[in-house]
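Have a look at the structure below, then the notes.
There are 4 protein chains.
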Amino acid sequence: MSHNTFGHLFRVTTWGESHGPALGCVVDGCPPGIRFTLADLQAWLDKRKPGQSRFVTQRREDDLVKVLSGVMLDEDGETMITTGTPVSMMIENTDQRSKDYGEIAKRYRPGHADYTYDVKYGIRDYRGGGRSSARETAARVAAGGLARKVVPGLTVRAALVQIGKHKINRANWDWAQVNENPFFAPDPEIVPVWEEYLDGIRKAGSSIGAVVEVIAEGVPAGIGAPIYAKLDQDIASNLMSINAVKGVEIGNGFGAAEITGEENADEMRMGNDGQPIFLSNHAGGILGGISTGQPVVARFAIKPTSSILTERRSIDSDGNNVDVRTKGRHDPCVGIRAVPIGEAMVACTIADHYLRDRGQTGRLK
Amino acid sequence: MSHNTFGHLFRVTTWGESHGPALGCVVDGCPPGIRFTLADLQAWLDKRKPGQSRFVTQRREDDLVKVLSGVMLDEDGETMITTGTPVSMMIENTDQRSKDYGEIAKRYRPGHADYTYDVKYGIRDYRGGGRSSARETAARVAAGGLARKVVPGLTVRAALVQIGKHKINRANWDWAQVNENPFFAPDPEIVPVWEEYLDGIRKAGSSIGAVVEVIAEGVPAGIGAPIYAKLDQDIASNLMSINAVKGVEIGNGFGAAEITGEENADEMRMGNDGQPIFLSNHAGGILGGISTGQPVVARFAIKPTSSILTERRSIDSDGNNVDVRTKGRHDPCVGIRAVPIGEAMVACTIADHYLRDRGQTGRLK
Amino acid sequence: MSHNTFGHLFRVTTWGESHGPALGCVVDGCPPGIRFTLADLQAWLDKRKPGQSRFVTQRREDDLVKVLSGVMLDEDGETMITTGTPVSMMIENTDQRSKDYGEIAKRYRPGHADYTYDVKYGIRDYRGGGRSSARETAARVAAGGLARKVVPGLTVRAALVQIGKHKINRANWDWAQVNENPFFAPDPEIVPVWEEYLDGIRKAGSSIGAVVEVIAEGVPAGIGAPIYAKLDQDIASNLMSINAVKGVEIGNGFGAAEITGEENADEMRMGNDGQPIFLSNHAGGILGGISTGQPVVARFAIKPTSSILTERRSIDSDGNNVDVRTKGRHDPCVGIRAVPIGEAMVACTIADHYLRDRGQTGRLK
Amino acid sequence: MSHNTFGHLFRVTTWGESHGPALGCVVDGCPPGIRFTLADLQAWLDKRKPGQSRFVTQRREDDLVKVLSGVMLDEDGETMITTGTPVSMMIENTDQRSKDYGEIAKRYRPGHADYTYDVKYGIRDYRGGGRSSARETAARVAAGGLARKVVPGLTVRAALVQIGKHKINRANWDWAQVNENPFFAPDPEIVPVWEEYLDGIRKAGSSIGAVVEVIAEGVPAGIGAPIYAKLDQDIASNLMSINAVKGVEIGNGFGAAEITGEENADEMRMGNDGQPIFLSNHAGGILGGISTGQPVVARFAIKPTSSILTERRSIDSDGNNVDVRTKGRHDPCVGIRAVPIGEAMVACTIADHYLRDRGQTGRLK
């Protein structure tokens, strides 16, 4: 597939830079008859948008999404119904301070894509990171909002499970807590720990990495495909496409390297309702690339924001040694805002596979 | 892209089951003029083939690769030269003991794809796992042999770095050791530890997970592509497509979650030769989805072989509760034979991106 | 490839309906460093836009194109330079008279896509034909403007060669005439004939078919690809995707059915400059799916506009027999405005193959 | 899509040269549970194979197809059942007379792909045309045999309707005649005319073009897709990919250019069974790229075989002027054997769209 598109039947193409007039996406392949309101989509965008707490960038963007095509308005004047044609969505950029970036037009910020874009393209939109800015992910979140409606009964949720070395206590997991704190933490006891820790990071102009866990429930058994469109493979691919992600795992993930076949096996029994039951979910809901019907569980690691106040050694595009410190408004922990993005990418992946399987096997409704 | 194909310009389509007459692949998009011998390819297949030590499956397959199209013989009668048309390669299955599998025709082996294939397709080739068998990876290794020739100066090597909880000592890393022991271990000191540990696993009819690290050197700076064909994304996707892989990471990977922006930054300086130098490689050779010119570093976790002798609870396709123990010839640690497979997948990914970038930017030779 | 996208490395995704707020396209894979102005693009859009003579629809649309991403402004404040990231272009719809279409919301206009959209999707944007409107082609023309800049030395021109049974005299062919008459006719002698004929068609509320010929000069020899991405195949595919096109031919086309191998052969000789010369071009510049270096010649047939004033028998979506006559502002011969669209599709196809071949063989600069 | 693959969900990848050991295809995406026998497939291959009358090449190939993967044998030991995994099919080349081709290793035969392959790839398998040989189409015919089973109730038939200037009388059309003469002619009265005409061509060592018409019945209404995967577009693309095809048309095709909107309209009425009826089929069963439920009608023009005995002027790969006459065993009219190939390509296209639509809209069973 090409370079700014993902998906095979539910296809998302995104466009736009940090400091252009707008960014957006085209969702091609959305089935007809899907009903949604702008408010439905906006809710997910609001979850991702900057400026919502002192722990994320103070850039102010309303991130209001517009739908430009692919829908008809229902008689209530509010509900949109997809017609099966491409859904084009656009988000205007409003808070661009291009001046902030002038001095780094030629300097390669360590950890950023500045150097590699220049090597690859020979030209680079340096304003706010241009295309490599995480602003691009706003479009994904809009697409994810649609994707959630495609698969009947699907729920995709994510939470932050680690900041630096501070991990949640999984015994405390409570979905109801996730939207009650600025970290999307499912464990209320970790919140004060993270607050204190991140305040220190933020005041030092530093940054820190994190881990997000995404759980999709209601995924029908039997979607995904051998061999090169495994459901876990496409989830890994799509999560790894998120800015700053350096690792992805499914189910037990890297933990699976440390255990035996006996420990890792998910045993089965027939349930009282005549349906198969898995007695555990080490596999993260996927076997042989195909969903088992259990929750699909994925985690991804986000590196610390590369924009930090401490000077780092670097070079510029003229071949001079320079020292770079990145001012401006940055996330001390980009992992926080990655939570709704991870959800969106998993939702899109599942919607895509659902449509493929309905086509190929005709077994899904 | 579709389901048994990967790559965009260097495209590999594989086919075949564990117990059919043969398996193979079609490599479409291999540039013309690539020179190789059958022995070149066979060397990689030999590295992957079963029966080479007591730590891998005792199935006996010669895994001899034939080239059926896409090449002309040079005057030496041995060197093949690609013509730019599809290279079809075939490996015949010779040691099929279908009888071994009769009793599991209807039983879902925990951790295997038996249940999910049945749910998805309503029919399943149960012999040796059918299409979900790791035998399919022989075709990938053949394709990888070609891919290595596509990018001038490319070297792709891998090693096993962890079995169960036993990790190598990275200070001992010595590539010369990797082919000197049955584990592809780069650390000679870990070899006796793993031998003893795996002998125990094997004798117990158990199995254990592992971690493989792949390092690609000679990757030109500037290949890869935002946003949905990032080099790390495609590597993650292709490694995750290998049987039993449950996690993938690039550079610092999940370790990046635990460190600060200062620690994670790869600083740069101009070298004495006027070329940029990175002072570290936390990024694993990729920034913003594009190669930096440093070694590309990826790791993947393989779960323990699901085929174990201990009885596990399961069900059969008629909806009965059954207990399953998997006899037959199995790898106590499939991670070992995943080493050449991981190399092949990374080589194919890099070859594909190299061709794409040569097309799109015209900057590569 | 998916449904609203064409191209493999130079990929164009279009979106938008006749009566939505806007329509547009995302051009993904445009090489970096391409320089153009909005005026460059607008010139092609102006050629396609409605209302320019009495022989085309009187709908009034300025069809002003905006570029939303993928470029940086040069210091002159006018020249745009592509950065290699997706170029998003948008054209706002301004002259929508949705009232015109109210009465056909449920009636299937013969020859239109009304019935088939309803059968396929179960919902249909009836306003102006929705997605099936030829307004969508404005986005293609914008993309074509970019494509023309991708291949050094490429010129793509088209002309109308037939309206109804009235064909041009090819001996009169003069490219300089094409923009001097409202038909894009290369033969000045046909102009009064067509004027009189089309006036009659127009006044009768009728419509008539036409044939367009596209000629691309400066196509490097050696682009295109066996077997399923032949250059002629992709040209045929992309021309056939234009609304109302019912036939496509390359070089001699259907005429090749009537002649012998001797007549059809394009003989060759070495030229005085040491370059091969073809002594004729029956093949239309393509052999075995690959360009010969001669002009690429394609023709396509456009059916008469289906919107006519005469009543036709039809049904409505409730299953009633109805009679339909289509009022509103329609082209008596849509073939006229198909001229710049055909050019755009051929330009995009050639740009795409040029990039593919540069990648795959490394032989193009 | 890539270069030796076509289709999006029903994907066919072919490989092989005229004079290699074998050729074949991989059909990826064939639904599970399709039942067929080797004899089912072989029947189509037999229709295409050489040597069946004096009007086709005297090369002797049995063209026996083997199925290497993707199926299980039913209990009758003969019926194959697809499992949903890739179906690999292989046809061995048996009658290769490479000596025949030695003298043209360096000479570019006019009308053949010799020159363009050399320009593109810099290397060329000259034996029998290598990859550009029509032998490749045997693999398509095998794939088509499977495709026919995918869509319930589908019938795809083709006939030769024109050789040189000699056209059939459509009033005589009788499908029962098609397999009763060596031309696949549906009009028995044309048979003696063509026999006499082609005998003359053959004895002169000349060749002649032809037109094939393909008709698909039982295509469900509502398959196909705007805008760049129109059913007619994909049919045009796939037919144009057949060797020597220079033109494709749907329904009225180029004839649509000559008629008015009134004449071209396919009127509708409700039938007595409550189903819509079209009163004519000028559209060839497709409106707006989507099937109407009427027969899909396509025609394609095949140029005269380029291999002729008369000397033609050409050059060789060393840049010398040479004269070329092509000995060997050639078809005086390749259009004859294109009949089953055209059927196969249309069957594959419809199967692919059927699966896509089942996925995207869920409206097909």
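Protein chains in written order, with my numbering: chain B, 201 to 565; chain P, 201 to 565; chain A, 201 to 565; chain R, 201 to 565.
Where a beta carbon is used, it is the ideal one built from N, C-alpha and C, also for glycine.
Model, not experiment: these values are computed from the prediction.
For B/Ser506, DSSP records no beta bridge to any residue. Under the three-state reduction of DSSP, R/Trp215 is assigned to strand.
Put simply, of R/Gly455, R/Met440, R/Gly474 and R/Ile401 the residue whose alpha carbon is nearest the alpha carbon of A/Ser517 is R/Gly474. Assigned with DSSP and collapsed to three states, P/Thr460 falls in strand. The beta carbon of A/Gln560 sits closer than 7 Å to some beta carbon of chain P. Of B/Val271, B/Thr213 and B/Thr285, the smallest CA-CA separation from A/Val287 is found for B/Thr213. Less than 7 Å separates the beta-carbon of A/His312 from that of A/Ser506.
At least one C-beta of chain A is nearer than 7 Å to the C-beta of B/Val226.
Under DSSP, A/Phe500 shares a beta bridge with A/Val412 and A/Val448. The C-beta of B/Leu209 comes closer than 7 Å to at least one C-beta of chain R. The Cβ atoms of B/Ala359 and B/Pro386 sit closer than 7 Å to each other. A contact is defined here as three or more CB-CB pairs under 8 Å, and the stretch 397-416 of chain R meets this definition with respect to the stretch 496-505 of chain R. With a cutoff of 7 Å on beta-carbon distance, P/Ile515 and B/Met470 are scored as near each other. For the stretch 313-325 of chain R, the residues whose beta carbon sits under 9 Å from a beta carbon of chain P are, in order, Tyr317, Lys320, Tyr321, Gly322, Ile323, Arg324 and Asp325. Contact annotation: P/Ser437 and B/Ser437 have beta-carbon atoms nearer than 7 Å. Listed along the chain, the chain R residues whose CB falls inside 8 Å of the CB of A/Lys365 are Glu458.
Assignment of beta-bridge partners to B/Val356 by DSSP yields B/Ala416. Closest in C-alpha terms to R/Lys247, from the list R/Pro540, R/His553 and R/Tyr554, comes R/Pro540. The C-beta separation of B/Ala334 from B/Val534 comes to about 7 Å, placing the pair in contact by the 8 Å criterion.
The count of Cβ pairs closer than 8 Å, one atom from the stretch 314-325 of chain R and one from the stretch 267-275 of chain R, stays below three, leaving the stretches out of contact.
Here P/Asn521 carries a strand assignment [DSSP, helix/strand/coil]. Taking the beta carbon of B/Asp557 as reference, the chain P residues within 8 Å of it are Lys320, listed in sequence order. The beta carbon of R/Gly424 sits closer than 7 Å to the beta carbons of Lys430, Leu431, Ile486, Gly489, Ile490, Ser491 and His553 from its chain, once the five residues preceding and following it are set aside; these are given in chain order. For B/Cys225, the uninterrupted beta strand (DSSP E) run begins and ends at Ala222 to Asp228, by DSSP. Excluding the 5 residues flanking it on each side, P/Arg402 has same chain C-beta neighbours closer than 6 Å at Pro532, in chain order. In this structure, the CA atom of P/Pro232 is about 7 Å from the CA atom of P/Ile281. Across the structure, B/Gln362 and P/Ala457 are spaced so that their CA atoms are roughly 8 Å apart. Rounded to the nearest whole angstrom, the C-alpha separation of A/Glu389 and A/Ile368 is 8 Å. Boundaries around B/Val393 are those of the alpha helix (DSSP H), Ile390 to Lys403, since no beta strand (DSSP E) includes it.
With 16 or more neighbouring CB atoms inside 10 Å of its own CB, B/Ser406 falls in the buried class. Put simply, the CB of P/Pro386 is far from chain A, with every gap to its CB atoms at 7 Å or more.
P/Lys249 counts as buried, since at least 16 other C-beta atoms from the protein chains shown sit within 10 angstroms of its C-beta. R/Gly229 has a beta carbon lying within less than 7 Å of a beta carbon in chain B. Taking a contact as a CB-CB distance under 8 Å, the pair P/Ile427 and B/Ser441 counts as one, their CB atoms being some 6 Å apart. Close partners of B/Asn521 in chain P (Cβ separation under 8 Å): Arg469 and Met470. Within the stretch 238-302 of chain B, the complete alpha helix (DSSP H) runs of at least 4 residues fall at 238-248.
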